[in-house]
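Below is one structure, written out as structure tokens, with a few remarks after it.
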Amino acid sequence: SLRLARGHTMDAGVPLVQGSIGSLPYKDNSFSKIFSTEVLEHVEDDLGALKEILRILKPGGRLIITVPNHNYPFLWDPLNWILERFLGRHIKSGFWAGIWNMHLRLYRREDIEALIERSGFKVKTVEFLTHYCVPFNHIILYGLKRVLLSGILPESMSNTADKFSAVKNKQSGLIRLGYRLLEMIDKGNDYTFKERPSVAILVKAIKESGS
Numbered sequence: 049s050l051r052l053a054r055g056h057t058m059d060a061g062v063p064l065v066q067g068s069i070g071s072l073p074y075k076d077n078s079f080s081k082i083f084s085t086e087v088l089e090h091v092e093d094d095l096g097a098l099k100e101i102l103r104i105l106k107p108g109g110r111l112i113i114t115v116p117n118h119n120y121p122f123l124w125d126p127l128n129w130i131l132e133r134f135l136g137r138h139i140k141s142g143f144w145a146g147i148w149n150m151h152l153r154l155y156r157r158e159d160i161e162a163l164i165e166r167s168g169f170k171v172k173t174v175e176f177l178t179h180y181c182v183p184f185n186h187i188i189l190y191g192l193k194r195v196l197l198s199g200i201l202p203e204s205m206s207n208t209a210d211k212f213s214a215v216k217n218k219q220s221g222l223i224r225l226g227y228r229l230l231e232m233i234d235k236g237n238d239y240t241f242k243e244r245p246s247v248a249i250l251v252k253a254i255k256e257s258g259s
């Protein structure tokens, strides 16, 4: 919600505006750079959303966008990985939906590139984010979110476990140990690889003059 977003940015002086991605409250050619992270997979008309982003971006402006990769690592969501490859189906909602939870779609590289080009952008580069992960990583994160929202944890522990919390407290030993373990595994994702299974696809595109 907008209220939650304000709480996370209250000390940064970041102005927040609420609107619909299908009709953004900005004039044509308003921005030189636009970031869209993990948004399109939630939008019914993803092509229309990209065209609206194109409208408010200045000629020569850059779009950086991330979407969930249909070719995700086995360990990220083993259950749906097996279901999709052997039964051609996946769990659509609920706790065991994993990477599919609240997503209308996942994207293959060729699909997101074609979609972005069709909207009027010129794709410049494509990268693949997060290959190494712990088993059932997505479900662990989703479960932690549910625990945080439930209010079961003491406030001090909840704040340190919530990476978006605006309140900073000294981390407990257990949480610190958990972070260290995850950081060790995540170190492998600091390197750039050719196309391979990944959690997300990152695309950099530009709005060419005359678009």
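So in this note's numbering, the last spot in the sequence shown is 259, and the numbers never skip. Beta carbons are placed, not taken as given, at the ideal position from N, Cα and C, and that holds for glycine.
Notebook entry, point to check: Over what stretch of residues does the alpha helix (DSSP H) that includes Lys37 continue unbroken?
Noted result: Lying outside 49 to 259, the shown extent of the chain, residue 37 is not represented and no answer is given.
Checklist line | Nearest neighbour of His90, chosen from Gly109, Ala253 and Tyr155 [CA to CA] | finding: Tyr155
Notebook entry, point to check: So which of Met232, His186, Val87 and Ser68 has the shortest CA-CA distance to Phe143?
Noted result: His186
Notebook entry, point to check: Relative to the C-alpha of Thr173, which residue among Arg133, Glu132, Leu111 and Val62 is closest?
Noted result: Leu111
Margin query: For Asp76, which residues in the same chain have their Cβ closer than 8 angstroms to its Cβ, ignoring the five residues on either side in sequence?
Written below: Arg103 and Ile104
Check: Tyr120: buried (16+ other C-beta within 10 angstroms of its C-beta) or exposed?
Finding: buried
Notebook entry, point to check: Helix, strand or coil: how does DSSP classify Lys242 here?
Noted result: coil
Next item on the list: Could you check the C-alpha separation between Val247 and Ser257 for me, to the nearest Å?
Entry: 33 angstroms
Note to self: Using only the alpha-carbon positions, how far apart do Val171 and Lys255 sit?
What the structure shows: 9 angstroms
Note to self: Restricting to Cα atoms, I'd like to know which of Thr114, Ile130, Leu177 and Glu132 is closest to Lys235.
What the structure shows: Leu177
Note to self: Checking 9 angstroms against the spacing of the C-beta atoms, do Ile82 and Gly109 come in under that value?
What the structure shows: yes
Next item on the list: Would you mind stating whether Asn237 and His179 have Cβ atoms separated by less than 9 angstroms?
Entry: yes
Margin query: Quick check on Glu175: does DSSP put it in helix, strand or coil?
Written below: strand
Margin query: Please report the distance separating the alpha-carbon of Asp159 from that of Asp93.
Written below: 14 angstroms
Item checked: C-alpha distance - Met232 paired with Leu225, whole-angstrom precision -> 11 angstroms
Next item on the list: Please name the residue, chosen from Asn149, His118, Trp124 and His151, that lies closest to Gly136 on a Cα-to-Cα basis.
Entry: His118
Notebook entry, point to check: Does the distance from the C-beta atom of Leu88 to that of Phe184 stay below 9 angstroms?
Noted result: no
Next item on the list: Following the continuous beta strand (DSSP E) through Ala162, name the residue where it begins and the one where it ends.
Entry: Where Ala162 is concerned, there is no enclosing beta strand (DSSP E), although the alpha helix (DSSP H) it sits in stretches over Arg157 to Arg166.
Checklist line | Whole-Å CB distance - Thr57 paired with Thr85, under 8 angstroms assumed | finding: Wrong, their Cβ atoms sit about 15 angstroms apart, outside the cutoff.
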